[in-house]
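This note's numbering puts the first residue of the sequence shown at 57, with every later residue one more than the last.
Each residue gets a CB set at the ideal place from its N, CA and C atoms; glycine is no exception.
Keep in mind that this is a model prediction, so the values were computed, not measured.
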Amino acid sequence: MVKIAHISDLHFGRANGAAIDALTLAINSERPDLVAITGDFTQNGARREFAQASEFLASLSSPVLAVPGNHDTPVYNLPLRFLKPWARFEKHIGAAQLQFATAGNVVVIGLNSARRARMRLNWSYGKLSRKVIEAASAIAERESSDGKTVIVASHHPFQIGPNRAGSEIVGNGAYALQRFAESGVNAVLTGHVHLSAATPLAVTEDRILSIQCGASGGARERGEASGFGLIGVENSEGNREISVEYRHFDHNSYKLERRVAFSHQGSRWISPTLSQ
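What follows is the structure, encoded as structure tokens:
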């Protein structure tokens with residue numbers, strides 16, 4: 057089984073130090089094959105916040121795939137935001153655009169859904185370019201045809217959530233899901249809404265799982281304690297399963313709150329089994 061730790065929305069600058077320390081300990085003790093981080097490393101895209109995020113990454117003992125979130129562009133340095141929006145991210149975290157990592161027979165493709173600005177009052181809503189969607193779909197088609205489980209990671213959600221941050225899906229999200237389903241993507245990992253959830257996406261005829269992570273850094277909680285997901289992927293002898301253990305911060309450690317498991321039948325994910 058391949059293990060992936062899914063964390064998101066750390067918001068360094070407002071993060072809870074005790075929650076971050078416990079998160080580091082929890083992830084390192086699990087020894088995942090990969091840590092997937094779906095954006096919002098910082099609160100305001102400030103240099104000191106990125107420095108804290110870089111220190112956190114250095115404390116992890118597993119490989120990391122990271123994508124930016126809408127908070128990872130400079131908030132107060134508008135010239136930098138518009139001219140070089142990802143300069144600080146790339147200096148302290150890594151590549152900001154299309155990337156992918158392989159862990160066993162699982163491939164995770166990272167996409168940047170954040171934007172420096174959009175033609176609307178609220179710049180926080182993201183958008184995927186069609187060029188990036190097509191590039192990711194080409195990777196997915198190649199890897200899925202080789203029998204691998206393919207997962208896409210980006211910051212903004214592909215389905216409507218229960219709060220203001222999830223009031224709409226990422227721009228070009230419907231087109232992205234269509235192309236991802238056609239090219240063999242099995243799951244999408246997202247953040248942004250600060251609430252955890254895992255469910256097959258009905259708009260893809262249950263061919264793609266949506267796996268949502270809450271806020272992992274103990275800041276900006278929206279009715280749910282700081283948490284992360286430990287994803288298990290089994291893909292052998294024609295059997296494919298994905299499980300998610302959601303762990304939440306409680307009294308200086310991360311404790312298992314619930315586990316959901318999905319089985320792949322034909323081209324679809326069946327309804328999850330839930331255990332407390």
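Subject >> Buried or exposed by the 16-neighbour rule on C-beta atoms within 10 Å, applied to Gln321 >> reply: exposed
**OP:** Give the straight-line distance between the Cα atoms of Val120 and Phe97, rounded to the nearest whole angstrom.
**Re:** 13 Å
Original post:
Just checking, does the stretch 276-286 make contact with the stretch 303-313 on the three C-beta pairs under 8 Å criterion?
Top reply: yes
**OP:** Measure the alpha-carbon distance for Ala362 versus Ile195 and round it to whole angstroms.
**Re:** This structure cannot speak to residue 362, because the chain is shown only from 57 to 332.
Subject >> Contacts around Glu297, its chain only, beta-carbon distance under 6 Å, and the 5 residues preceding and following it disregarded >> reply: Glu290 and Ser319
Original post:
Does the distance from the C-beta atom of Glu197 to that of Gly240 stay below 7 Å?
Top reply: yes
Subject >> Span of the alpha helix (DSSP H), counted from its first residue to its last, around Asn84 >> reply: Gly73 to Glu86
**OP:** Decide yes or no for the touch test of the stretch 156-176 against the stretch 125-143: beta carbon pairs closer than 8 Å, at least 3 of them.
**Re:** yes
Subject >> contact_flag[the stretch 94-113, the stretch 146-166] where n(CB pairs < 8 Å) is 3 or more >> reply: yes
Subject >> Cα-Cα separation between Thr337 and Thr246, rounded to whole angstroms >> reply: Beyond the ends of the chain as shown, which are 57 and 332, falls residue 337; an answer cannot be given.
Original post:
What did DSSP end up calling Glu197 once you bin it into helix, strand or coil?
Top reply: helix
**OP:** Report buried or exposed for Lys311, applying the criterion of at least 16 other Cβ atoms within 10 angstroms of its Cβ.
**Re:** exposed
**OP:** Report yes if the CB atom of Ile60 is closer than 7 Å to the CB atom of Leu90, and no otherwise.
**Re:** yes
**OP:** Please state whether DSSP places Pro256 in a helix, a strand or coil.
**Re:** strand
Original post:
Asp306 by DSSP, collapsed to three states: which one?
Top reply: strand
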